[in-house]
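K.L.:
Have a look at this one before I ask anything.
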Amino acid sequence: MKKFLRAILMILVATGLTACSNDTESEVADGSDSGAASTNVELSENVLVAYFTEPEETGTDALAGASRVVEEGEVVGSTQFLAQTISEETGGELFRIETVQEYPADHDELVDQGDQEQSEDARPELTAEIENLADYDTIFVGYPNWFSDLPMPMYTFFESHDFAGKTIIPFSTHGGSGLSGTIETIGDLQPEATVYGNALSISRSEVADSRHEVVDWVNGI
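Take the sequence shown: its letters are residues -19 to -1, 1 to 202, numbered as in mature numbering (1 follows the signal peptide of the UniProt record, and there is no 0).
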């Protein structure tokens, strides 16, 4: 009887711990459960900041969450804004992930195209690859969260490059879905790389005022 009660108690304790781990969602996600490195990493001097962004110039306004920010009079994508801030803070070189086929600037049309690509498991062709990837040890990788997943051009990007032995530090913008399972997906696509688990994820409606948050995050790596 004592052994039986002890077993029941152990099950209840384990269940309680599992429930507690799912109670809180942070803007900076800890990827320790996904196999990603959640501890601090040492940034190398050779840093690349690669990002995919699509600024919406029509449709939903910026305050309502469109993927654009006005920076010094120029309309830039929300993820691009984060990438530029990270580049300024780290001295990393910028690399924009672009597709051969242009995406529409209208919010609704962009949503429709992204949805269609995901349903087709598409691999949009990129205009360029990173030519000097061997020169970099640390790669920040930025992307918007589309339909609780990576945009399909990001699949093309990860499948076109070998980040073995390098550290990937993800950052993302979203419309309410946070990081979803994108950190785990990156780990699956690049199993020989170290994927930093404390990824940055910022709501599109808060990007314009997020500079200090981004800088603090970078300094905490």
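By construction, the Cβ of each residue, glycine as well, lies at the ideal position given by its N, Cα and C atoms.
Look at the Cβ atom of residue 123, then the Cβ atom of residue 31, and state whether they are nearer than 9 angstroms.
P.N.:
Start at 1 with the first residue of the sequence shown, and residue 123 comes out as number 142. Start at 1 with the first residue of the sequence shown, and residue 31 comes out as number 50. Yes, the pair counts as a contact, with Cβ atoms nearer than the cut-off.
K.L.:
According to DSSP, is residue 101 part of a helix, a strand, or is it coil?
P.N.:
As a working note, residue 101 is residue 120 in the sequence shown. Residue 101 falls in the coil class under three-state DSSP.
K.L.:
If you compare alpha carbons, which of 173, 201, 107, 74 is closest to residue 117?
P.N.:
Looking up residue 117 in the sequence shown gives position 136. Among 173, 201, 107, 74, the Cα nearest to that of residue 117 is on 74.
K.L.:
Return the residue from the list 175, 157, 151 that minimises the CA-CA distance to residue 195.
P.N.:
As a working mapping, residue 195 is identified with position 214 in the sequence shown. Among 175, 157, 151, the Cα nearest to that of residue 195 is on 151.
K.L.:
Looking at residue 154: is its Cβ nearer than 9 angstroms to the Cβ of residue 184?
P.N.:
Counted from its first residue, the sequence shown places residue 154 at position 173. Counted from its first residue, the sequence shown places residue 184 at position 203. The answer is yes: Cβ separation under 9 angstroms.
K.L.:
Looking at the unbroken beta strand (DSSP E) that takes in residue 155, where does it start and where does it end?
P.N.:
In the sequence shown, the residue the question calls residue 155 occupies position 174. Counting along the chain, the beta strand (DSSP E) containing residue 155 begins and ends at 148 to 155.
K.L.:
How big is the Cα-Cα spacing for residue 130 and residue 192?
P.N.:
Residue numbering aside, residue 130 sits at position 149 when the sequence shown is read from its first letter. Residue numbering aside, residue 192 sits at position 211 when the sequence shown is read from its first letter. Rounded to whole angstroms, residue 130 to residue 192 spans 25 angstroms at the Cα level.
K.L.:
Would you kindly work out how many angstroms separate the C-alpha atoms of residue 33 and residue 100, rounded to a whole number?
P.N.:
For the purposes of this step, residue 33 is identified with residue 52 of the sequence shown, where counting begins at 1. For the purposes of this step, residue 100 is identified with residue 119 of the sequence shown, where counting begins at 1. Cα-Cα distance, rounded: 20 angstroms.
K.L.:
List the DSSP bridge partners of residue 120.
P.N.:
Taking the first residue of the sequence shown as position 1, residue 120 is located at position 139. Its beta-bridge partners are 29, 149.
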